Amino acid sequence: MKVSNIDFQAEYKILKVELDKAYEKVMESGRYILGTEVSDFQKEFANFCESRYCVGVGNGLDALQLGLRALGVGNGDEVIVPSNTYIASWIAISLTGATPVPVEPDENTYNINPELIERSITKKTKAVMPVHLYGQPADMTPIRELAEKYNIRIIDDAAQAHGAKYKGKKIGTLADITAFSFYPTKNLGAIGDGGCITTNDPELAKMVETLRNYGESEKYKNDIIGFNSRLDELQAAFLRVKLRHLAEINKRKAEIASRYLSEISNDSLSLPYVPEYVSPVWHQFVIKSKYRDELKKYLFYNGVNTLIHYPIPPHLQRAYGYANLNPDDLILAAKLAKDVLSLPISWTMNDEQIQYVINVINKKLPT
Ligand SMILES: *Cc1c(COP(=O)(O)O)cnc(C)c1O
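By this note's numbering, the letter at position 33 of the sequence shown is numbered 33, and the numbering carries on one by one without gaps.
Now the structure itself:
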């Protein structure tokens, strides 16, 4: 048996009729930039997130960068970011001219540890960027309290958390701005690149709308030096199809996760911890093992493809060598990079494949 991490061809087979129809509709409309597919998708995704506004942009990195810029983040500012995240969170901050200030994760949830944030706040801190890693919301209440106390803004990196809930509230409404990615592997994935921000603040929405389109407030009236980062009309049409299936996609992934959580029993590894106040969307199902590399090989030889999210934390990447961050301050992120392993959890997996992964992993593992 073979179990791949994600199977785009299987996804296309299931959604082919709807996706092909969406493609034809855009082709026949002759409208390829910022047409009704983008505006309709924005309404529908805002609605899904229970947020007032959604603005589609070119990708998740731009959603973060333009979101930060809309919040006024720029040269000389500092933004607090998890040490344990995909490097895009950091790069978005750097692209605005601000400095990412990393904070270590909670050892159980792998998300930013709110208790460690306050000591990293300085006069230059303009914003904090919680990342809802693997689809599990970060602990937002203490972060909001700190943001209010120190008058700093919150921008969520929700690239992995479409549909996740924190204390009953949808991700997409808990921050000043929330950034989403529609990279094909995400729970809501385009057939290429895409991203968006959601917000309840009309001025922030307007600002991202201006920034994504050359800084134009009206046609040929440029108020600021902006970007070209518009959500593609064709991608918006595909995303509208996928959005109609997102609830069932998230439900299927949750079913797989719940089987893994109750049926995987092996002392040599630890399973994800889910605090009672979150409902995650299981972008990834990440286990931890001291013998991660051997385990990965063993699973591979048995037909189970796994991934590592992520093998090198941002502070140990050459790109951030200039920042001279002290590795002794960021040991948890470095440790997680050595121990984590993402099991297959795509919504197209069948029950036999799920059972097979559980069987293989419950055999005596390499130590
Ligand atoms: C995917 C991802 C991004 C970037 O999204 P792109 O659309 O690839 O630019 C940012 N942050 C996190 C946590 C991600 O997983």
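The beta-carbon is built from N, C-alpha and C at its ideal position, and this holds for glycine as well. Predicted model, so just to flag it, every value in this text is computed and none were measured.
Less than 8 Å between the C-beta atoms of residue i and residue j, yes or no?
i: D156; j: A179; result: yes
i: A334; j: P327; result: yes
i: P105; j: P82; result: yes
i: L68; j: V79; result: yes
i: A153; j: K126; result: According to the sequence shown, residue 153 is Arg rather than Ala. In contact: R153 and K126 (Cβ atoms closer than 8 Å).
i: V281; j: N187; result: yes
i: G195; j: D232; result: no
i: T85; j: V131; result: yes
i: R212; j: V57; result: yes
i: A237; j: V17; result: no
i: Y134; j: H283; result: yes
i: T198; j: S51; result: yes
i: T348; j: I112; result: no
i: R240; j: E11; result: no
i: H309; j: V286; result: yes
i: L234; j: Y23; result: yes
i: N413; j: I361; result: Any answer about residue 413 is impossible in this case: the structure gives the chain only from 1 up to 367.
i: L371; j: V208; result: The structure shown does not extend to residue 371, since the chain is modelled only from 1 through 367, so no value can be given for it.
Buried or exposed: residue i, going by 16 or more other Cβ atoms within 10 Å of its Cβ?
i: R244; result: exposed
i: S229; result: buried
i: F182; result: buried
i: D77; result: buried
i: L261; result: exposed
i: E370; result: This structure cannot settle anything about residue 370, because the visible part of the chain is limited to 1 through 367.
i: A158; result: buried
i: A161; result: buried
i: I256; result: buried
i: M1; result: exposed
i: E37; result: buried
i: N59; result: buried
Report the option in the options whose CA atom is closest to the CA atom of residue i.
i: I6; options: T173, P184, I93; result: P184
i: K290; options: V101, L341, Y53, Q355; result: L341
i: L71; options: A98, Y260, W347, N222; result: A98
i: E107; options: L95, S120, A138; result: A138
i: F227; options: V26, Q284, Y12, D62; result: D62
i: Q353; options: N324, L332, E294, R259; result: R259
i: G192; options: N151, V103, F8, L64; result: F8
i: Y166; options: P142, E263, T306, L66; result: P142
i: I121; options: Q136, M140, V101; result: V101
i: E248; options: I117, E28, R119, S346; result: S346
i: I177; options: L64, Q136, E263; result: L64
For residue i, list the residues DSSP reports as bridge partners.
i: A161; result: None; A161 has no bridge partner.
i: C54; result: T198
i: T99; result: E78
i: R230; result: V57
i: N111; result: For N111, which the question treats as bridged, DSSP gives no partner whatsoever.
i: Y166; result: K169, V278
i: R394; result: Here the chain has residues from 1 to 367 only, and residue 394 is not among them.
i: I287; result: L341
i: N222; result: E216
i: L269; result: S289
i: V307; result: The sequence given here places Leu at residue 307; Val does not occur at that position. Answer is S342.
i: P105; result: I112
TODO: Flag this pair as touching only if the region 319-327 and the region 164-172 have three or more C-beta atom pairs under 8 Å; answer yes or no.
DONE: no
Does the contact criterion of 3 or more C-beta pairs under 8 Å hold for the region 342-351 versus the region 82-93? no
Counting pairs of beta carbons, one from the region 24-38 and one from the region 195-211, are three or more of them closer than 8 Å?
-> no
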